[in-house]
Amino acid sequence: MSVNVASAVKFYDGKTSKVHIVDVVFSGSILHITDSTGDNLASWSIATIKILEPPSPPVPGIISSDVAPDARLHIEAGKGWTYIKSRIPRHNKKLWLLPTHWSSFFGYGLVSVLSLAFLFIMFPRVLGNLALIMPASWENALGEHVMETMVGSDRTCSAADGQKVLNDMTRKIQGQMTRDVKYDVRVINNNYMLNAFAAPGGHIIIYKKIIDDAGSPEELVGILAHEMAHVELRHASKSVIRNLGLGYTLSAIFGNVGTLESAASLLSQMSYSREDERSADAHAKKTLSALNINPRGLQEFLERVAEMEPNIDIKGIEFLSYLSSHPDTRERIKALEQDQTQRYTAPMSEREWNAVRSICDQTKPTTYE
Amino acid sequence: MNNESDMAFEEPEASPEPTTENKPIKPGKAKKYVLDYDGKTGALYKLFLLDFFMRIITIGIYSFWGKTRLRKYIFSRHALDGDRFEYTGTGGELFKGFLKVLPILVILFVPLALQGVNPLFSLFYIPLVYCVGIAIYGATRYRYSRTRWRGVRGYLDGSTIGYANLAFGRMLLNFITLGFAIPSSDIAKHRYIMNNAYFGNVKAEFTGDSKVLFGAYIKSMLLVFFLFIALGGLFYASFAMAQNGDYSGYDQSQYSSEKKYDDMNFSEFNSEFGHLAGELNAHTFIIATASFLVIFIPFLIFPIARSIYVAALMREKMRGLKVGHLKFMCTVTAGKLIKHKMANALILLLTLGLGFPYIVQRNIRFMVRHHIIMGDLKAFQAEQGKDQGLTSGEGLETGFDIDAGFF
Chain A
-7 MSVNVASAVK
3 FYDGKTSKVH
13 IVDVVFSGSI
23 LHITDSTGDN
33 LASWSIATIK
43 ILEPPSPPVP
53 GIISSDVAPD
63 ARLHIEAGKG
73 WTYIKSRIPR
83 HNKKLWLLPT
93 HWSSFFGYGL
103 VSVLSLAFLF
113 IMFPRVLGNL
123 ALIMPASWEN
133 ALGEHVMETM
143 VGSDRTCSAA
153 DGQKVLNDMT
163 RKIQGQMTRD
173 VKYDVRVINN
183 NYMLNAFAAP
193 GGHIIIYKKI
203 IDDAGSPEEL
213 VGILAHEMAH
223 VELRHASKSV
233 IRNLGLGYTL
243 SAIFGNVGTL
253 ESAASLLSQM
263 SYSREDERSA
273 DAHAKKTLSA
283 LNINPRGLQE
293 FLERVAEMEP
303 NIDIKGIEFL
313 SYLSSHPDTR
323 ERIKALEQDQ
333 TQRYTAPMSE
343 REWNAVRSIC
353 DQTKPTTYE
Chain C
625 MNNESDMAFE
635 EPEASPEPTT
645 ENKPIKPGKA
655 KKYVLDYDGK
665 TGALYKLFLL
675 DFFMRIITIG
685 IYSFWGKTRL
695 RKYIFSRHAL
705 DGDRFEYTGT
715 GGELFKGFLK
725 VLPILVILFV
735 PLALQGVNPL
745 FSLFYIPLVY
755 CVGIAIYGAT
765 RYRYSRTRWR
775 GVRGYLDGST
785 IGYANLAFGR
795 MLLNFITLGF
805 AIPSSDIAKH
815 RYIMNNAYFG
825 NVKAEFTGDS
835 KVLFGAYIKS
845 MLLVFFLFIA
855 LGGLFYASFA
865 MAQNGDYSGY
875 DQSQYSSEKK
885 YDDMNFSEFN
895 SEFGHLAGEL
905 NAHTFIIATA
915 SFLVIFIPFL
925 IFPIARSIYV
935 AALMREKMRG
945 LKVGHLKFMC
955 TVTAGKLIKH
965 KMANALILLL
975 TLGLGFPYIV
985 QRNIRFMVRH
995 HIIMGDLKAF
1005 QAEQGKDQGL
1015 TSGEGLETGF
1025 DIDAGFF
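Listed in order, the protein sequences are those of chains A and C.
Residue numbers for the first sequence follow our numbering, so the first one is -7 and each next one is one higher.
Residue numbers for the second sequence follow our numbering, so the first one is 625 and each next one is one higher.
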């Protein structure tokens, strides 16, 4: 039984660029392709026929055969195509294509929004854990780079007495911690920013204004313990990796190499999550209590910041940086309520406190080596 | 495609069936053909949207399939002498190509991302630039091998390293000669590709000459130069004007007291932010405007001035090309190109970038409209050539986010 499938369609034999106008006839399980003179150009067994492209009017569908993979038979959409398609073995049919009806785009949009939500919420957490396997030398190099970007041209306070008190205090606090980090705590001679900062690798800077405004040594020690807790808990590295990871991922999605190149600049835009701040507070409170130092200092500092919150004006712009990276100040103050029964000792002598307060009597350029 | 004569400028006279076997091909009367393109803007929008959403859903991995689907669509909507083109590449091949070069990309890009840690890492730009040559040649080879017309595919012979060496050497030469070698370098690189290109067994041949480009190049550079001088002058003049307080026409006293803000309906604003608004005086305004122009206008000037050269290069690339007896012609002029590009920029600006698929459509139509193929396509015969034997492609090109283009 012969079935005429299509007449006067195009056939390219795959050997030359000659265009054949052919008739296509099914005879049993063989597809015969014959030209207008009646010459048989090809006979393909149905099992060898493959659909390469489905028709998409006015573009005809394209079929080929395993026995002549370069040959192409063009069949328009319609009766002939439907018949051929119905006879070709399932596994030789064109793979399924994602639909592009306008209506299907609601679905794509919905799934995209869900995916983005997942990407921004779950992905950073997973990536953050990569910080745990980061070699110390990388962390250190990263930290130095972040610090150089952060500090800019401000000088480092270098009075020897004050620095010694700071170093001793750092060692004392580190005695309560587990990570073997070489801490580098510096006071930066900047009278405008009420801020302290911890970068990966144990690099900590405290702006002079914090010491100037501090009502007690406990306040400074509280801030120091808080920043060291960030290092101990690897918050900085996690934040850098999260930012980097997200940057790389977004550039993978939208194919922008510019993002890859500017990844380095992301290093300086770190910020801690609220969670990180709370856990650093809790960690600092524990450390201070263990050293019999009153955690009231950190609380007092936050209270002072909180007081400034309602009346931020143009001149108060320096507080914004602190507040934006230390959210929910009032909530944090509450969490720091100290144990009334514990007896605390002074973290340092009057003489030592004075030495710290005059640490900026001498300064030197800020360099990281 | 209803009728093949739609494609030809001149109706082919009772086209004789071309002879195939062992006879020298005698081209009939040379005819002119243009590519026929019947792609739809709506379809392009759908494909770009699909790509956009699927990239988000698959964190970027779909891009290889999205790109392939777009190419398949665009190729299948191009026809020459009634016969449609076919793109036979697959997303899987592109993905495989990308995975293969991923280690190279990591080795190159991670140090570059960490330049801040050690400035020596910027030395990695050297291998990166060298690899761009490899990427372009490799991608071109892949695309030729995946393109078919009348069942016959393209082929690119030649050595990738040879091209990369040429491209790198030429880049150094361009640098040393302060850009004056650019026309000769562009032609040399194009010659290397085209003289290795085949359609089936028919070798392409490129005899283009950079000499005819030099004039256009000098013109475009002079234009850039003068525009910059003019801009610099404008900036300097406005700066000097602001410094001297010579506003020629402005009453300076009007800008030096609080009164001005009331005049400008700033009174409420003034009470809160008076000290800030004080900064917004005429000095600042003039300098800011001039700075904006100086920074922003080069982005407009450069492409426009370069169009003089680009149009000449496009014409020469076609003028010098022969495939079998077929000759080619490009009718793009600087004026047409500038007009086209400015319209593109305006559309993108006004649609906030959403007009991009329409820009793609416009670009295709522009290229189709300005390219002519001369010869006799009925008599033009090619036999199937070598199979390139590629199973993956374009990895480096994807990684560098460059576009090797097709010709």
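Every residue gets a Cβ at the ideal spot worked out from N, C-alpha and C, and that includes glycine.
These numbers were taken from a predicted model, which means no experiment stands behind them.
Check, Outcome
"Just the chain C side, please: which residues come within less than 7 Å of Gly289 (chain A) by C-beta, in chain order?", "Correct list: empty, because the minimum Cβ distance to chain C is about 35 Å."
"Taking only beta-carbon positions, decide if Gln1005 (chain C) is within less than 9 Å of chain A.", "yes"
"Using a Cβ-Cβ distance cut-off of 9 Å, determine whether Ile681 (chain C) contacts chain A.", "yes"
"Is it the case that the Cβ atoms of Glu140 (chain A) and Gly193 (chain A) are separated by a distance below 9 Å?", "no"
"When we look at the beta-carbon of His318 (chain A) and count the other beta-carbons within 10 Å, is it buried (16 or more) or exposed?", "A caution first: His318 (chain A) carries a pLDDT of 46, below 50, which makes its placement in the model unreliable, though a value can still be read off. Result: buried."
"The beta strand (DSSP E) that contains His949 (chain C), what's its start and end?", "Looking at the DSSP string, His949 (chain C) is not in any beta strand (DSSP E), and its letter there is neither H nor E."
"I need the boundaries of the alpha helix (DSSP H) containing Val826 (chain C), first residue and last residue.", "Taken as a continuous stretch (DSSP letters only), Val826 (chain C) belongs to no alpha helix (DSSP H), being part of the beta strand (DSSP E) at 826 to 830."
"So, does the CB of Arg701 (chain C) fall closer than 9 Å to a CB anywhere in chain A?", "yes"
"Can you pull out the residues from the stretch 987 to 998 of chain C whose beta carbon lies closer than 7 Å to at least one beta carbon of chain A?", "none"
"Would you mind sorting Val956 (chain C) into buried or exposed? The rule is 16 or more other CB atoms within 10 Å of its CB.", "buried"
"Please name the residue, chosen from A:Ala133, A:Arg79, A:Met142, A:Lys200, that lies closest to Ala151 (chain A) on a Cα-to-Cα basis.", "A:Lys200"
"Within the 9 Å Cβ cut-off, does Ile202 (chain A) reach chain C?", "no"
"Whose C-alpha, out of C:Thr682, C:Leu1014, C:Tyr841, is nearest the C-alpha of Ile928 (chain C)?", "C:Tyr841"
"What residues are listed by DSSP as bridge partners for Arg64 (chain A)?", "A:Tyr4"
"Measuring only the C-alpha atoms, how far is Arg64 (chain A) from Pro46 (chain A)?", "13 Å"
"Would you identify the three-state DSSP class for Leu978 (chain C), choosing helix, strand or coil?", "coil"
"Starting from the Cα of Trp345 (chain A), find the closest Cα among A:Gln155, A:Ala217, A:Asp176 and give me that residue.", "A:Gln155"
"Return no unless some Cβ of chain A is closer than 9 Å to the Cβ of Gln985 (chain C).", "no"
"Could you tell me if Phe3 (chain A) is buried or exposed, where buried requires 16 or more neighbouring beta carbons within 10 angstroms of its beta carbon?", "buried"
"State yes or no: is the C-beta of Ile962 (chain C) within less than 9 Å of the C-beta of Arg986 (chain C)?", "no"
"Buried or exposed: which applies to Ser746 (chain C), given that a residue is buried once 16 or more other Cβ atoms fall within 10 Å of its Cβ?", "exposed"
"Indicate whether at least one CB of chain A lies closer than 9 Å to the CB of Phe823 (chain C).", "yes"
"Can you tell me where the alpha helix (DSSP H) with His362 (chain A) in it begins and where it stops?", "The requested residue 362 (chain A) does not occur in the structure, where chain A is confined to residues -7 to 361."
"If I'm right that Ile38 (chain A) touches Ile80 (chain A) with Cβ under 8 Å, what's the distance once you round it to whole angstroms?", "7 Å"
"Find out if the Cβ-Cβ distance for the pair Val658 (chain C), His949 (chain C) is shorter than 9 Å.", "no"
"Quick one: list the residues of chain C neighbouring Leu122 (chain A), beta-carbon separation under 9 Å, in chain order.", "Here the premise fails: no neighbours, minimum Cβ distance about 14 Å."
"When Cβ atoms are compared, which residues of the stretch 756 to 778 of chain C fall closer than 7 Å to chain A?", "Arg774, Gly775, Val776"
"Going along the chain, which residues of its own chain have a beta-carbon closer than 8 Å to the beta-carbon of Ile143 (chain A), five neighbours each way excluded?", "What sits at residue 143 (chain A) in the sequence shown is Val, not Ile. Hits under 8 Å: Ile180, Ile197, Thr358."
"Select from A:Asn121, A:Leu108, A:Gly72, A:Ser9 the residue whose C-alpha is nearest the C-alpha of His227 (chain A).", "A:Asn121"
"Is there a C-beta anywhere in chain C that falls below 9 Å from the one on Phe189 (chain A)?", "no"
"Looking at the strands, I want to know which residues DSSP matches up with Glu45 (chain A).", "A:Ile54"
"Comparing the C-beta of Trp94 (chain A) with each C-beta of chain C, is any distance below 9 Å?", "yes"
"What's the call for Ile932 (chain C), buried or exposed, on a 16-neighbour Cβ count within 10 Å?", "buried"
"Whole-angstrom Cβ separation of Tyr697 (chain C) and Gly666 (chain C), contact assumed at under 8 Å?", "Not confirmed; about 12 Å, so no contact."
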